[in-house]
């Protein structure tokens, strides 16, 4: 997972750090020049001392006392002066103009990995705040940039999480509606969630409200048989909202714990199908609406979430095919752009290949 993104970020951060170090070399040279000037300024003091020695001896003790007092006063000042020179030699600073030039490589790397433009802007501002016009050890630049990037990514995932199991146990029946575009893995994700519910003593019923896609009902029935879970269905072409309604009624009658509604995949640009989805939402009044999208679609996934959220209000996100996602753009961007939590990652085709989303694990996978 994230092999391409991890390599890109590693190489880019390394180049970024080396370029900052080069900028720091200039500061070290200027520090040496300042030190040389300090030596030259001491010459007139010697001549002045020789002139004083030619004066009568009786004035010498007074002069010596005065010099001792001056030396005491000068000592802290000299220490402070050379301390500044030392600080310049071991640290470096970059200004905003230099940062803009240096960040370009990192920006390109993030764009190549399908990261949303708004997310890149946030990362840029976060790193800028940490390193621009700040003294940084030249040997610690790479570490500082990595830390700034890691902290920024953690903030991207700083969205209130939804504990699906805990929520499902609060109400009976707990109704969950799954939405997304064609082929995103909704039906398989529903089966995985049903399997998770069963493991937590939550008995679900499946609603085959995808009455348009050929074999969609049969696919859900296959999963239902494997799980020994009832499936409510109507004929193809029937009203999907009616299927959802019947599934909820059946759950209430049999005192089942949850209803998982499978809806037809639809492009967010198809207004008629989006209107149909709004009807399902009105009739079923789900407790949770989950958007299911492919992790590998990158920034397109964020656009899809926005359109579906405008239609039916998304509560949470499941990203499928996370195990083959080399770039990670959708995972980095989705929560920040939608302000909705990613609750699960689909990592295969088996019923158990559903992983709880953990931001620490994701950031570690990126190599930070």
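Numbering (our numbering), first residue to last: 765 to 1132. No residue lacks a Cβ here, since even glycine has one placed at the ideal position from N, Cα and C. Small disclaimer: the values here were computed from a predicted structure and weren't measured.
For this session: For residue 863, collect the residues of the same chain with a Cβ closer than 6 angstroms to its Cβ; drop the 5 residues on either side in sequence, then sort them by chain order.
Result: Your numbering for residue 863 matches position 99 in the chain shown. Contacts found: 892, 896.
For this session: Would you check if the distance between the CB atom of residue 1024 and the CB atom of residue 958 is smaller than 8 angstroms?
Result: Working through the chain shown from its first residue, we reach residue 1024 at position 260. Working through the chain shown from its first residue, we reach residue 958 at position 194. Yes; because the gap between Cβ atoms is below 8 angstroms, this pair is in contact.
For this session: May I ask you to verify whether the stretch 934-950 touches the stretch 911-924, counting CB pairs closer than 8 angstroms and requiring at least 3?
Result: no
Problem set entry | Closest Cα partner of residue 996 within the set 1005, 1013, 1097, 972 | Here residue 996 refers to the residue found at position 232 of the chain shown. Among 1005, 1013, 1097, 972, the Cα nearest to that of residue 996 is on 972.
Problem set entry | Residue span of the alpha helix (DSSP H) that contains residue 942, given as start and end | Counting from 1 along the chain shown, the entry for residue 942 is found at position 178. Residue 942 -> not in any alpha helix (DSSP H); beta strand (DSSP E) instead, spanning 938-943.
For this session: Less than 8 angstroms between the CB atoms is what I'm expecting for residue 1045 and residue 1076, so what's the real figure, rounded?
Result: What you label residue 1045 is simply residue 281 of the chain shown in a count that begins at 1. What you label residue 1076 is simply residue 312 of the chain shown in a count that begins at 1. Residue 1045 to residue 1076, Cβ: 4 angstroms. Contact.
For this session: Could you spell out where the beta strand (DSSP E) holding residue 1026 opens and where it closes?
Result: As a position in the chain shown, residue 1026 is number 262, starting the count at 1. Taken as a continuous stretch (DSSP letters only), the beta strand (DSSP E) holding residue 1026 covers 1022-1027.
Problem set entry | Stretch pair the stretch 1088-1106 + the stretch 1051-1062: three plus CB contacts closer than 8 angstroms | yes
Problem set entry | Local conformation of residue 872 per DSSP, three classes | Walking along the chain shown from the start, residue 872 turns up at place 108. Residue 872: helix per DSSP, three-state reduction.
Problem set entry | Continuous beta strand (DSSP E) stretch holding residue 1055: start and end | For the purposes of this step, residue 1055 is identified with residue 291 of the chain shown, where counting begins at 1. Here the beta strand (DSSP E) through residue 1055 covers 1052-1058.
For this session: Keeping to the same chain, check which residues put their C-beta closer than 7 angstroms to that of residue 906; ignore five residues upstream and five downstream.
Result: The count along the chain shown starts at 1 and reaches residue 906 at position 142. Taken in chain order, the residues that qualify are 777, 778, 781.
Exercise. Among 1062, 962, 1131, 1031, which residue has its Cα nearest to the Cα of residue 1072?
Worked result: As a position in the chain shown, residue 1072 is number 308, starting the count at 1. Per the Cα distances, 1031.
Exercise. Can residue 1078 and residue 1053 be called in contact, C-beta distance under 8 angstroms?
Worked result: In the chain shown, residue 1078 corresponds to position 314, counting from 1. In the chain shown, residue 1053 corresponds to position 289, counting from 1. Yes, these two residues count as a Cβ contact at 8 angstroms.
Exercise. From residue 883 to residue 992, what distance separates their C-alpha atoms?
Worked result: Within the chain shown, residue 883 is the residue found at index 119, counting from 1. Within the chain shown, residue 992 is the residue found at index 228, counting from 1. Looking at the two C-alpha atoms, the distance is approximately 43 angstroms.
For this session: Report the residue ranges of all alpha helix (DSSP H) runs contained in full by the stretch 976-1045; include only those spanning at least 4 residues, in chain order.
Result: 980-991, 1004-1018
For this session: Measure the C-alpha to C-alpha separation of residue 1127 and residue 1065 and round it to an integer number of angstroms.
Result: Position 363 of the chain shown, counted from the start, is the residue given in the question as residue 1127. Position 301 of the chain shown, counted from the start, is the residue given in the question as residue 1065. For residue 1127 and residue 1065, the distance between alpha carbons rounds to 20 angstroms.
Problem set entry | Segment limits, alpha helix (DSSP H) that includes residue 963 | Here residue 963 is taken as the residue at index 199 of the chain shown, counted from 1. 950-963 is the span of the alpha helix (DSSP H), which, as asked, contains residue 963.
For this session: Taking only the alpha-carbon atoms, compute the straight-line gap between residue 1103 and residue 1121 and give it to the nearest angstrom.
Result: As a first step, residue 1103 is located in the chain shown; it is residue number 339 there, counting from the start. As a first step, residue 1121 is located in the chain shown; it is residue number 357 there, counting from the start. Cα to Cα, the separation comes out at about 15 angstroms.
Exercise. Can you list, in chain order, the residues of its chain whose CB lies under 6 angstroms from that of residue 748, leaving out five sequence neighbours each side?
Worked result: Limits of the chain in this structure are 765 at one end and 1132 at the other, which puts residue 748 out of reach.
Problem set entry | Distance CB(residue 1037)-CB(residue 1028) smaller than 8 angstroms | What you label residue 1037 is simply residue 273 of the chain shown in a count that begins at 1. What you label residue 1028 is simply residue 264 of the chain shown in a count that begins at 1. Yes.
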